[in-house]
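Have a look at the structure below, then the notes.
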Amino acid sequence: MRRLWGRGARGTLAARSIGPASPASAAHVAPVDGFFYHTIDLPGHDTILGAWDLRGDPDAYLGFVDFAGKRVLEVGAANGYLSFEMERRGASVVAYDLSPDLLGDIMEVPGLDLASFHERYRTTVRGLNRAWRYAHDALGSAAVLVHGSAYEIPDEVGPVDVVTFGSILLHLRDPFSVLGQAALRARERIVVTDTLNPPFTLESQERGMIFDPSLGRDPCSWWSLSPQAVRRMLEIHGFGRSSVYFHRQIFRPDFAPWGHTRPGEHTGPEITGTLFTVVAER
Ligand SMILES: C[S@@+](CC[C@H](N)C(=O)[O-])C[C@H]1O[C@@H](n2cnc3c(N)ncnc32)[C@H](O)[C@@H]1O
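Residues are numbered in the numbering used here as their position in the sequence shown, beginning at 1, plus a constant of 59.
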C-alpha cells in the first residue's frame, strides 16, 4: 500500500457533511443564486469561498490519476470544483448528482421532522445544481451534468474509463452496491475519497465502518469508512490493485454544510481535515 501526504498543512480532523443549508448570513454575499460547497475561482469573480477548499492539493484528492484523454464519471459533483479540475487535466467529464426531485439517503432518526428536512435538502440540491451550471458557463466547460441516483446510473452515461466518488460513500446507505454499479461502468479505475475519522488512523489495517458517526445529528451521514474497507469492497468488485493516499484539505466550519462568500468577508476559522483517497484498478 502506498502512503502519500499531500501539501496541506497538518491540523485538526473535520467531519464532512452534506446536510441541508442553514440560511446564509447577511455577510455571505452570493455572486449567484446557488450553493458553493467548494471554493472555486471563476473568471470575472473574486474567489468564491465554500466550505471545502481543495485548491491546495487537488491532485492528491483525485489520487494522482492521469486524466488526459479519459472519460470520467464523477458521482456527486456538488458545485463542480473537481469536475472542472479533471477537465483541465484533459478528461471528458460526466458530472452526476441529485436534483430537487431526487434526494439522497436520509436516516429517519427519532425526532427528525422529515417534511422540513426534505424541504431544506431540496433547496440545497437546487443550489448546488445551479452553482455547477454557473461555474460551467463561466469556465466555458464542455462537461455535462446528468441527474440521478448513485444507485441507478442511467445507460445514457455509457462506459467510462474512470469513476470517482469524492466524499459521497459516507452519505450512502449501501456503499457496497453503489461501488458495484460503478464497477460495471469503469473500464480502468475507481477513485474513492473520504474523510479519515477516528478511530481510523493512517496505520489502521482493519476493514472498519462506523455506522451513524454523528449519532443522528446529520441524518445524511451514514458511515465513517476506513480505507481498508473501501479497498476490500473494490477488490470484491474486481478492482484488486489499489493504492491509498492521505492528504489534508482546508475546511471552514462556519460555512458548514454549505455556503458562499468572498475573501475579506469571511472571518471564521479555517481548519484542515485529513482525507484518504483509494485508487483501484481492474
Ligand atoms: C459531500 S458532497 C462531495 C462533493 C465532491 N464530490 C467532493 O468530493 O468534494 C456529496 C455530493 O454527493 C451528492 N449525493 C449524495 N447522495 C447522492 C446519491 N444518492 N446519488 C447521487 N449523488 C448523491 C450530493 O448531492 C453532493 O453533491
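Every residue gets a Cβ at the ideal spot worked out from N, C-alpha and C, and that includes glycine. Keep in mind it's a predicted model, so treat the numbers as computed, not measured.
| Query | Result |
| --- | --- |
| Exposed or buried, T260, counting other C-beta atoms within 10 Å across all chains shown (16 or more means buried)? | exposed |
| What residue does the alpha helix (DSSP H) around L141 start on, and which one ends it? | 140-147 |
| What is the residue span of the beta strand (DSSP E) that M292 lies within? | From DSSP, M292 is part of no beta strand (DSSP E) but of the alpha helix (DSSP H) over 286-295. |
| Tell me the rounded alpha-carbon separation between R181 and E294. | 35 Å |
| Measuring CB to CB, does R148 end up less than 8 Å from F126? | yes |
| Give a single yes or no on whether H230 has its beta carbon closer than 7 Å to a heavy atom of ligand 1. | yes |
| Just how far apart, CA to CA, sit E146 and E178? | 33 Å |
| Rounded to whole angstroms, what's the CA-CA distance from L157 to L243? Just pull it up for me. | 20 Å |
| Please list, in chain order, all residues of the same chain as E144 whose beta carbon is under 6 Å from its beta carbon, the five residues on each side excluded. | P117 |
| Tell whether a beta-carbon distance below 8 Å holds between S285 and V338. | no |
| Is the beta carbon of F94 sitting closer than 8 Å to the one on L187? | yes |
| If we ignore side chains and look at the alpha-carbon of each, how far apart do H87 and M268 end up? | Unreliable positioning characterises H87 in this predicted model, as indicated by a pLDDT of 38, which lies under 50. A coordinate reading is not provided. |
| Out of curiosity, what's the CA-to-CA distance linking R307 and I212? | 30 Å |
| How many Å lie between Y120 and F335 at the Cα? | 8 Å |
| Can T252 be considered in contact with ligand 1, in the sense that its beta carbon sits closer than 7 Å to one or more heavy atoms? | yes |
| Does at least one heavy atom of ligand 1 sit under 7 Å from the Cβ of D164? | yes |
| Helix, strand or coil: which one does DSSP assign to L157? | coil |
| Judging by CA-CA distance, which residue of V250, H97, P328 is the nearest neighbour of Y304? | V250 |
| By DSSP, does F176 sit in helix, in strand, or in coil? | helix |
| Opposite Y304 in the DSSP bridges: which residues? | T336 |
| Tell me the DSSP secondary structure of R246 in three-state form. | strand |
| Which residue comes first and which comes last in the beta strand (DSSP E) that contains D220? | 219-225 |
| With 16 other CB atoms within 10 Å as the buried threshold, where does E173 fall? | Contrary to the premise, residue 173 reads as Leu rather than Glu in this sequence. Counting Cβ neighbours within 10 Å, L173 comes out exposed, since fewer than 16 surround it. |
| Leaving out five residues on either side along the sequence, give the residues of the same chain with a beta carbon under 6 Å from the beta carbon of E43. | Here the chain comprises residues numbered 60 to 341, so residue 43 is not present and cannot be evaluated. |
| Please classify S151: does DSSP put it in a helix, a strand, or coil? | strand |
| Going by DSSP, name the residue or residues bridged to D112. | I309 |
| Tell me whether L287 is buried or exposed, calling it buried when 16 or more other Cβ atoms sit within 10 Å of its Cβ. | Checking the sequence, you will find Gln at residue 287 rather than Leu. Per the 10 Å Cβ criterion, buried. |
| Would you say D118 touches ligand 1, meaning its beta carbon is less than 7 Å from a heavy atom? | no |
| DSSP three-state label for E262, please. | coil |
| Between the alpha carbons of E329 and K129, how many angstroms are there, rounded? | 34 Å |
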